[in-house]
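Undergrad: Here it is, the structure in full.
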Ligand code: CA
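In our numbering, the protein residues as written are 47 to 299.
Right under this line is the structure:
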């Protein structure tokens with residue numbers, strides 16, 4: 047476990063960008079779940095929805111599969127695992143790859159875990175037990191966002207110290223790159239497209255997660271909290287992303 051990161055971090059991101067250029071149509075998903083009945087349920091339903099699913103039962107297997115399949119675009123991670131926990135796996139995958147979509151699987155009683163998981167870099171979570179329709183809707187929505195990486199969109203948005211490159215989907219603040227997840231990028235883009243305008247949490251959810259999103263409004267708050275940590279000088283006293291009480295958020299300089 048100790049040395050996987052040194053093997054994984056750089057080669058993974060290099061391999062991934064190469065493979066993405068070669069093939070944008072692969073819909074490959076990693077499912078990390080040690081309970082075989084749940085894993086089979088996920089695999090069968092994602093296969094039915096047209097995905098190629100790579101399976102792992104331990105954290106170590108998951109890292110090995112990511113190394114073997116650099117074109118995996120979404121990872122579904124269970125939290126309770128035999129050799130590690132899903133949050134730790136999430137944190138390590140996210141460190142190696144800012145673009146991969148990550149969904150946590152959590153049990154209903156682990157309410158607090160949701161927030162922890164999203165703060166370690168997950169884009170979404172699905173609460174067990176879940177229906178096939180919910181699973182595929184959430185994965186489809188995440189795939190649409192992560193798949194958007196290759197779309198040509200010329201230009202950049204420059205506001206105050208921020209420069210958002212909409213072609214490379216990157217953000218700089220005062221010339222320094224800020225690493226964003228795909229969801230965080232989409233939220234930034236929405237803010238910078240609407241300077242000074244109060245955006246409701248529903249608007250943000252519809253634009254970033256899609257109208258067919260099954261989850262809760264809270265996910266917008268958690269992602270924005272994480273975004274503030276990355277872009278604000280003082281995240282506890284935000285000046286760029288301000289809260290509009292009882293409504294949503296506003297981007298202003
Ligand atoms: Ca488990």
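Every residue gets a Cβ at the ideal spot worked out from N, C-alpha and C, and that includes glycine.
In this text, all values refer to a predicted model and were calculated from it rather than measured experimentally.
Output yes or no for whether 8 Å exceeds the beta carbon distance between residue 273 and residue 234.
TA: Closer than 8 Å, so yes.
Undergrad: Leaving aside the five residues before and after residue 124 along the sequence, list all residues of the same chain whose C-beta is less than 7 Å from its C-beta, in chain order.
TA: Taken in chain order, the residues that qualify are 78, 79, 80, 132 and 151.
Undergrad: What residues match up with residue 227 in a beta bridge as DSSP calls it?
TA: Its beta-bridge partners do not exist; DSSP assigns none.
Undergrad: Enumerated in chain order, which unbroken segments of the alpha helix (DSSP H) with a length of 4 residues or greater are wholly contained in the stretch 81–118?
TA: If we require 4 residues or more, the alpha helix (DSSP H) runs fully inside the stretch 81–118 come out as 82–94 and 105–114.
Undergrad: Using the three-state DSSP reduction, which class does residue 291 fall into: helix, strand or coil?
TA: Of the three classes helix, strand and coil, the one that applies to residue 291 here is coil, per DSSP.
Undergrad: Please identify the residue among 213, 218 and 187 whose C-alpha is closest to the C-alpha of residue 256.
TA: Residue 256 has its Cα closest to that of 187, out of 213, 218 and 187.
Undergrad: Output needed for residue 135: all residues of its chain with C-beta closer than 7 Å, excluding positions within five of it in sequence on either side, in chain order.
TA: Hits under 7 Å: 78, 105, 108 and 123.
Undergrad: Please report how far the alpha carbon of residue 253 lies from the alpha carbon of residue 185, in whole angstroms.
TA: For residue 253 and residue 185, the distance between alpha carbons rounds to 16 Å.
Undergrad: For residue 282, is the classification buried or exposed, using 16 other Cβ atoms within 10 angstroms of its Cβ as the cut-off for buried?
TA: Classification of residue 282: exposed, given that the 10 Å Cβ count is below 16.
Undergrad: Taking all protein chains shown into account, decide if residue 285 is buried (16 or more other Cβ within 10 angstroms of its Cβ) or exposed.
TA: Looking at its Cβ environment, which holds fewer than 16 other Cβ atoms inside 10 Å, residue 285 is exposed.
Undergrad: Please go through the same chain and pick out, in chain order, the residues whose beta-carbon is closer than 8 Å to the beta-carbon of residue 204, but skip the five residues on each side of it.
TA: 210.
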